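Beneath this line is the structure, given in C-alpha cells, with notes to follow.
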Amino acid sequence: MRRILLNPTWKATISAGLFLMFAFLFSTSAMAYTHCGNISGFKFSNGSSSTTITNNGTYTIGDLPNNFFVDVRVSGYSQSARIRVKNLNTGQYITIQENYLPYTFPGGNGAWNYGPGTYEVKAKLYKYNGCKSYSCDTETIRFTLTNTPTCGQIDGLAFSNGTNTVNISNGGSYDISTLPYNFYVDVLVSGMTESAYNKIINLDTGAVYTNGENVLPYTYPSGNTAWTLGTGTFQFYSEVYKYNNCSGTKCDHICITFTIYEDTCGDITEFQFTNGSDPATTIVDGGVYNLNDLPNNFYIDGIVNGDSDSLRFEVTNTTTGQTYSTIENYLPYTFPAGNGAWFLGEGTYQVKGSLFTGNYCNGSLCDQDVVTFTLVDAVNEVCEANAGTTNTDGSIFLLSPFFNPTVQVTPGPNAVLPEGYNYCTVISTGPNKTIVSWDTGLSAELTQPGIYGVHLLVYKPSLLDLNTVTVGITTASDILNTITNNNVCASLDDVGAQISVITGGVNERAASQDVKQPLKLNTEKETVEVVAKTEEIFEDKNVDIKLYPNPVVNQLNVELLLLDAEVMHYQVYDLNGRQVIKGMFDNSTFGKTQVNTNALSAGLYIVKFQSNFRSFSKKIQVSK
0 MRRILLNPTW KATISAGLFL MFAFLFSTSA MAYTHCGNIS GFKFSNGSSS TTITNNGTYT
60 IGDLPNNFFV DVRVSGYSQS ARIRVKNLNT GQYITIQENY LPYTFPGGNG AWNYGPGTYE
120 VKAKLYKYNG CKSYSCDTET IRFTLTNTPT CGQIDGLAFS NGTNTVNISN GGSYDISTLP
180 YNFYVDVLVS GMTESAYNKI INLDTGAVYT NGENVLPYTY PSGNTAWTLG TGTFQFYSEV
240 YKYNNCSGTK CDHICITFTI YEDTCGDITE FQFTNGSDPA TTIVDGGVYN LNDLPNNFYI
300 DGIVNGDSDS LRFEVTNTTT GQTYSTIENY LPYTFPAGNG AWFLGEGTYQ VKGSLFTGNY
360 CNGSLCDQDV VTFTLVDAVN EVCEANAGTT NTDGSIFLLS PFFNPTVQVT PGPNAVLPEG
420 YNYCTVISTG PNKTIVSWDT GLSAELTQPG IYGVHLLVYK PSLLDLNTVT VGITTASDIL
480 NTITNNNVCA SLDDVGAQIS VITGGVNERA ASQDVKQPLK LNTEKETVEV VAKTEEIFED
540 KNVDIKLYPN PVVNQLNVEL LLLDAEVMHY QVYDLNGRQV IKGMFDNSTF GKTQVNTNAL
600 SAGLYIVKFQ SNFRSFSKKI QVSK
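Residue numbers (numbering that gives the first Met the number 0): 0 to 623.
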C-alpha cells in the first residue's frame with residue numbers, strides 16, 4: 000500500500016479549514032432553529048413621536064409628526080423586510096427593501112413625500128438579509144392622508160373688551176354697569192376655523208342683527224367695536240366655518256339666550272315744537288305744520304322719561320337727503336342744540352333720536368324714536384293749485400299677457416299747475432275709492448283687470464309727501480282730508496274719470512275667441528264678464544338680458560346669461576299676435592345672438608324667450 004505523507008504546514012491548514020467548516024455548519028444549524036418574527040402593526044413616526052395607524056383610518060398630514068415615515072413594527076427575529084406602497088387613487092406603487100431595523104417607508108427613515116391620498120401598505124418580513132428564503136409574516140393596511148385641517152369648535156360666548164372678560168351662560172342676566180367698558184360679544188373657539196356668522200335677536204322688540212367675521216376674534220359688533228344694542232333679552236346664535244366667508248364645512252354652532260339690564264335707563268316719549276314758554280305742539284308722525292302756527296323761535300324738544308345722560312338728534316331733509324346731527328348732554332335735549340331757533344325752513348323732515356346712558360352718546364343705547372313731519376309756510380298764500388277735470392285717452396283698456404296698457408291723462412281747461420308743483424295720476428277702485436297705485440306725471444300703468452277711477456292730483460312734493468300713501472288702504476278722501484286739515488296747497492279731482500280694464504289672450508282676436516258670452520260692461524254693478532287667458536308675466540325685470548339698440552332699425556343684439564346646457568328659443572310677435580321672426584341660440588356663442596329686423600315695419604313688437612328652464616318676454620321698438 001502506498002502512503003501519503005503530509006508535511007506539518009499542510010496539516011495545520013487542513014485542521015483550520017475543518018474547524019471553520021464545522022463552525023459554519025454549527026452557526027447555520029443554530030440560525031435554522033431561531034424562530035421567525037412577525038409584524039405587529041404600523042405607525043407614522045419620526046423616531047421620537049408616533050401615531051398608530053388603523054386600517055382604513057383618515058389622518059390629516061398637519062396633525063402627524065414632523066418628517067414622518069411609515070414604520071413597520073415587528074417582534075421576534077428577522078433580518079429584512081420588503082415594503083410595497085400603492086396609491087389607490089392613481090394606481091402607482093413603489094416597492095423597497097429594508098435590511099436594518101427599523102423597517103421604514105421611505106427607506107432609511109426618510110420623510111414621507113408622497114402627499115395626500117389613499118394608500119395601501121403591504122409589508123413582508125424575512126428571516127435573512129436581502130429578503131431571501133421564505134417570508135415570516137405578511138401584513139396589509141390601508142389609510143387616507145389629507146391636507147384638510149381638522150374642524151374647530153365653539154367653546155362659549157363672553158363679554159369682552161380685549162382685556163377683561165365675563166363668560167356668558169345660557170339664561171344669564173347681566174347688569175350692564177358691571178360688564179367690561181366698551182364690551183363686545185366674543186365667540187370663543189378652538190381648533191381650525193376661518194370665519195363665523197352671528198345672528199342676534201332682541202326678544203323684546205323682535206329686531207334682528209347679523210354680521211360675519213373672517214378674522215379672530217369673532218365678535219359682535221364686528222372688529223371689536225363696542226356693543227350698541229342696549230339692554231334687553233337677546234338670543235345669540237353663532238356658526239363657525241372651516242373657510243373664509245362662511246364657506247366650506249360648518250364646524251359648530253351655539254345658541255345662547257341672555258339678558259342685559261340697567262335699572263336707570265330712560266326712554267323717549269315724544270318730540271315737541273316749543274320755545275320753552277309758549278304752549279308746545281306735539282309732533283305726530285306724518286303731520287303737516289304751518290310755520291306761522293308754531294311758537295316763535297321754536298326748536299324741537301326730545302321729551303324723555305327715566306335717567307339718561309345724552310341724546311343724539313339726526314334730522315334729515317327727505318327731499319334733499321341732507322342730514323344734520325347734534326348731541327345734547329344736558330336737559331332739555333333740543334334741536335338745534337342749546338334751545339337754538341329752528342333754521343332749516345319748510346320741507347319734509349325725518350327726526351331720529353337716540354338716547355344713551357352716558358355723555359356724548361356713550362354707554363348703553365336706552366331708546367330710539369323716529370318721526371317724520373312736513374313744515375309749510377302758508378302766510379298770506381293764495382293757493383292756485385287746481386286739478387280741474389280729469390280726462391283720459393280711453394274708457395276701455397285691454398290687458399295683454401305681453402304688455403300692460405297705460406292710461407294717459409289730459410288736464411281739463413280749468414286745471415292750474417303753479418310753478419314748483421307736479422301732476423300725479425292716482426288710480427282708485429271701489430265705492431270708497433281706495434288707492435291701488437299712483438304715478439308722478441300724466442300717465443299710469445294698468446296691471447290688473449277691473450273698473451277704476453282715474454284722479455288728477457296737483458301738489459308740491461315739499462308740502463305733500465305721497466310716500467305716506469299706503470296702497471290698498473289710503474283713499475282719495477284721505478288725501479283730501481290731509482290737504483284740508485293741514486292747510487296744504489294741493490288739489491285732487493275727487494270725482495275723476497272711470498275706466499275699465501279687461502284681459503285678453505295673445506291678441507285681440509284670441510281674446511274674442513276666449514269670451515264665452517258677449518262682453519258686458521255694467522257700470523252700475525261695476526262688473527266685467529270676460530274669460531282671461533294669461534300665460535306669463537310680461538317684462539320680467541329680474542332676467543339678466545341686454546337688448547340693444549332699442550329702438551332698433553336693422554339689427555337687434557341680444558346678450559343673455561344662459562344656464563349650463565340651456566338652449567334658448569325666441570319668437571318675435573307683432574301686436575296682432577303674428578309670429579314674424581324666430582330663432583335660437585346657446586352657450587356656443589356665449590349667450591349672444593343677432594336678430595335681423597330689417598324686414599319689420601315700424602312699431603312695437605314682443606320678443607318671447609323660452610327654454611327648458613324658463614320663459615319670459617321683452618318689448619322692442621322698431622324704427623324706420
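C-beta atoms are modelled at their ideal positions from N, C-alpha and C, and glycine is treated no differently. Since the model is a prediction, treat every value here as computed from it, not as a measurement.
Limits of the unbroken beta strand (DSSP E) element including residue i
i: residue 266; result: 266 to 273
i: residue 368; result: 364 to 375
i: residue 598; result: From DSSP, residue 598 is part of no beta strand (DSSP E); its letter is neither H nor E.
i: residue 255; result: 246 to 260
i: residue 140; result: 134 to 145
i: residue 313; result: 309 to 316
i: residue 219; result: 217 to 219
i: residue 86; result: 79 to 86
i: residue 450; result: 449 to 458
i: residue 349; result: 346 to 355
i: residue 623; result: Segment: none, residue 623 is in no beta strand (DSSP E) and carries neither H nor E.
i: residue 568; result: 567 to 572
Residue i: CB within 7 Å of a non-hydrogen atom of the ligand SAM
i: residue 394; result: No copy of the ligand SAM appears in this structure; indeed no ligand is present at all.
Residue j beta carbon less than 8 Å from that of residue i
i: residue 385; j: residue 490; result: yes
i: residue 352; j: residue 267; result: yes
i: residue 492; j: residue 455; result: yes
i: residue 359; j: residue 403; result: no
i: residue 146; j: residue 60; result: yes
i: residue 501; j: residue 551; result: no
i: residue 699; j: residue 474; result: The question about residue 699 has no answer, for the chain in this structure spans 0 to 623.
i: residue 621; j: residue 596; result: yes
i: residue 305; j: residue 264; result: yes
i: residue 334; j: residue 322; result: no
i: residue 172; j: residue 281; result: no
i: residue 213; j: residue 243; result: yes
i: residue 496; j: residue 391; result: yes
i: residue 142; j: residue 184; result: no
Cβ distance (whole Å) where residue i is taken to contact residue j below 8 Å
i: residue 589; j: residue 567; result: The Cβ separation is near 12 Å, so there is no contact.
i: residue 98; j: residue 68; result: That pair is no contact at about 16 Å.
i: residue 228; j: residue 201; result: 7 Å
i: residue 39; j: residue 72; result: 5 Å
i: residue 194; j: residue 150; result: Contact doesn't hold; Cβ gap of about 12 Å is too wide.
i: residue 498; j: residue 422; result: Contact flag wrong, Cβ pair sits at about 17 Å.
i: residue 594; j: residue 582; result: 7 Å
i: residue 441; j: residue 424; result: 6 Å
Environment of residue i [buried if 16+ CB atoms lie within 10 Å]
i: residue 572; result: buried
i: residue 203; result: exposed
i: residue 453; result: buried
i: residue 398; result: buried
i: residue 447; result: exposed
i: residue 367; result: exposed
i: residue 188; result: buried
i: residue 311; result: buried
i: residue 177; result: exposed
i: residue 70; result: buried
i: residue 613; result: exposed
i: residue 159; result: buried
i: residue 300; result: buried
i: residue 62; result: exposed
i: residue 536; result: Its pLDDT being 34, under 50, residue 536 is placed unreliably by the model, and nothing is read from it.
i: residue 90; result: exposed
i: residue 545; result: exposed
i: residue 308; result: buried
i: residue 616; result: buried
i: residue 206; result: exposed
i: residue 192; result: buried
i: residue 248; result: exposed
i: residue 548; result: exposed
i: residue 56; result: exposed
Where the alpha helix (DSSP H) containing residue i begins and where it ends
i: residue 476; result: 475 to 484
### Message
Count Cβ pairs between the segment 66 to 83 and the segment 126 to 136 that sit closer than 8 Å; are there 3 or more?
### Response
yes
#### Entry: At least three beta-carbon pairs within less than 8 Å, the segment 340 to 349 to the segment 312 to 319
Taking 8 Å as the limit for Cβ pairs, the verdict is that the segment 312 to 319 does touch the segment 340 to 349.
### Message
Would you call the segment 154 to 169 in contact with the segment 91 to 105, where contact means no fewer than 3 C-beta pairs closer than 8 Å?
### Response
no
### Stretch-stretch touch, CB-based, cutoff 8 Å, three pairs: the segment 385 to 396 with the segment 550 to 563
no
### Message
Using a Cβ distance threshold of 8 Å, determine whether the segment 359 to 373 contacts the segment 265 to 284, with at least three qualifying pairs required.
### Response
Verdict: yes, contact present.
### Stretch pair the segment 279 to 292 + the segment 249 to 263: three plus CB contacts closer than 8 Å
no
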